[in-house]
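In numbering that gives the first Met the number 0, the protein residues as written are 0 to 284.
Ideal Cβ placement from N, Cα and C applies to all residues, glycine included.
This one's a predicted model, so the numbers in the text were calculated from it and none came from an experiment.
Data block below; observations after.
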Amino acid sequence: MASTVTSRRKQLGNELRHARNAARMTQQQVAEVLGCTQGKVNKIESGAVGVKLGDVRSMLNAFGINGEEADTLMNLARAAAGQRGHWSGYRSVVPHWFRTFTDLEPAAAEILTWHGERIPGPLQSEHYMLKQFTEAGATDVTSLVRNRLDRKAVFDQQQPPYYRFIVSEGALRRAPGGIAPAVMLDQVEHMLALDRYPRVYVHVLPFGAKLAAVPNDFTIMRFPDRTRDFVYIEHSAGGLYLDDVKDFNIFVDSWDRLRGAALERGETRQFLKELAEGYRAQMSQ
């Protein structure tokens, strides 16, 4: 799998947090060892900031970790210290809270995602993107579109993750900015063309699905290495990353229920074809 500096940084943060917990130390105690604030230790453990190799060594000494385990973590710290400037230029328009997600996306083994009211970014056609960003009043639409198109490169990797999408029928009928059959026809045709990617699975959850209720949007990421699996939840003020095992399993169960109620791949393809015909009819009226 592809490896990114952010994925290694998050992986290192996870390992340091588990080592701290095993040593029965608080973040404040680690902060005193490093001569920094508790807030910085929290950011190190979440992967939000980098950490100096000397600080990693000090933390490992405080945790009583040595030998082969210490060597492994120091090598991980060296890998996490590489590459700078990835988020310069047109990529700088990506919100800071979403950068961890997009850096980890190519490194995942499997991604399970559910969207109820909008088409998820990697599935969006360029026409849909333009309409969405324009209606949102974005000031740098070109950079936002380029970033979103960059994410599609994950499908073309030599060994891409298994990317499994569940999309509500509502997302396929609610166009950005209101009724726009041309935009939605382009979007549906774009999704039909994704069959060329063997590891991309799209399932529609129709309005008639037998579910008591549907949850808010979420994405599950699983990794092939020691990076801790997590759930990503986006909200109006930012994004939330959950890697607690109990929380993670709750969302896996939720995704499984959605998947059980959604259409199979063949049924989804037929649904999309009929939806496309409906949008063509609207355009000819």
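Span of the alpha helix (DSSP H) around residue i
{"i": "Arg203", "result": "The amino acid occupying residue 203 in the given sequence is Val; Arg does not appear at that position. Val203 -> not in any alpha helix (DSSP H); beta strand (DSSP E) instead, spanning Val199 to Leu204."}
{"i": "Thr141", "result": "Val140 to Arg150"}
{"i": "Arg256", "result": "Val244 to Ala260"}
{"i": "Tyr278", "result": "Arg264 to Ser283"}
{"i": "Gly53", "result": "Leu52 to Phe62"}
{"i": "Gly66", "result": "Gly66 to Ala79"}
{"i": "Ile43", "result": "Gln37 to Ser45"}
{"i": "Tyr127", "result": "Glu125 to Glu134"}
{"i": "Leu103", "result": "His95 to Leu103"}
Chain B contact for residue i (CB, 8 angstroms cutoff)
{"i": "Thr101", "result": "No chain B appears in this structure, which consists of one protein chain only."}
Close Cβ partners of residue i (< 8 angstroms) along its chain, the five nearest in sequence each way excluded
{"i": "Leu191", "result": "Arg268, Leu271, Lys272 and Ala275"}
{"i": "Thr36", "result": "Ala30"}
Neighbourhood of residue i by C-beta, 7 angstroms cutoff - its chain only, sequence neighbours within 5 removed
{"i": "Ala181", "result": "Met282"}
Pairwise C-alpha distance: residue j and residue i
{"i": "Ala18", "j": "Pro159", "result": "31 angstroms"}
{"i": "Tyr278", "j": "Asn215", "result": "27 angstroms"}
{"i": "Val76", "j": "Val55", "result": "A quick correction: the sequence has Ala, not Val, at residue 76. Going from the Cα of Ala76 to the Cα of Val55 covers about 7 angstroms."}
{"i": "Ser57", "j": "Gln27", "result": "14 angstroms"}
{"i": "Phe164", "j": "Leu111", "result": "6 angstroms"}
{"i": "Phe250", "j": "Asp155", "result": "27 angstroms"}
{"i": "Gly49", "j": "Leu11", "result": "10 angstroms"}
Integer Cβ distance of residue i from residue j, believed to fall under 8 angstroms
{"i": "Asn13", "j": "Arg227", "result": "4 angstroms"}
{"i": "Pro205", "j": "Glu168", "result": "5 angstroms"}
{"i": "Pro175", "j": "Glu134", "result": "5 angstroms"}
{"i": "His202", "j": "Ala106", "result": "The pair is not a contact, with the Cβ atoms about 24 angstroms apart (cut-off 8 angstroms)."}
{"i": "Arg90", "j": "Gly46", "result": "Contact doesn't hold; Cβ gap of about 18 angstroms is too wide."}
Spatially closest choice to residue i from the options, by CA coordinates
{"i": "Arg145", "options": "Thr133, Gly136, Met128 and Tyr161", "result": "Met128"}
{"i": "Asp194", "options": "Gly63, Leu122, Gly38 and Phe97", "result": "Leu122"}
{"i": "Asp224", "options": "Thr71, Arg173 and Asp246", "result": "Thr71"}
{"i": "Ala170", "options": "Lys51, Gly63 and Pro119", "result": "Pro119"}
{"i": "Asp246", "options": "Gly46, Val230 and His234", "result": "Val230"}
{"i": "Ala137", "options": "Val92, Val244 and Arg172", "result": "Val92"}
Residues near residue i in its chain [Cβ-Cβ closer than 6 angstroms; skip 5 each side]
{"i": "Ile232", "result": "Phe217 and Leu239"}
{"i": "Val213", "result": "Gly115"}
{"i": "Ala61", "result": "Val32"}
{"i": "Phe132", "result": "Val140 and Leu143"}
{"i": "Arg16", "result": "Glu44"}
Residue interval of the beta strand (DSSP E) (run including residue i)
{"i": "Thr226", "result": "Note, Thr226: premise wrong, no beta strand (DSSP E); not H, not E."}
{"i": "Tyr162", "result": "Tyr161 to Ser167"}
{"i": "Thr112", "result": "Glu109 to His114"}
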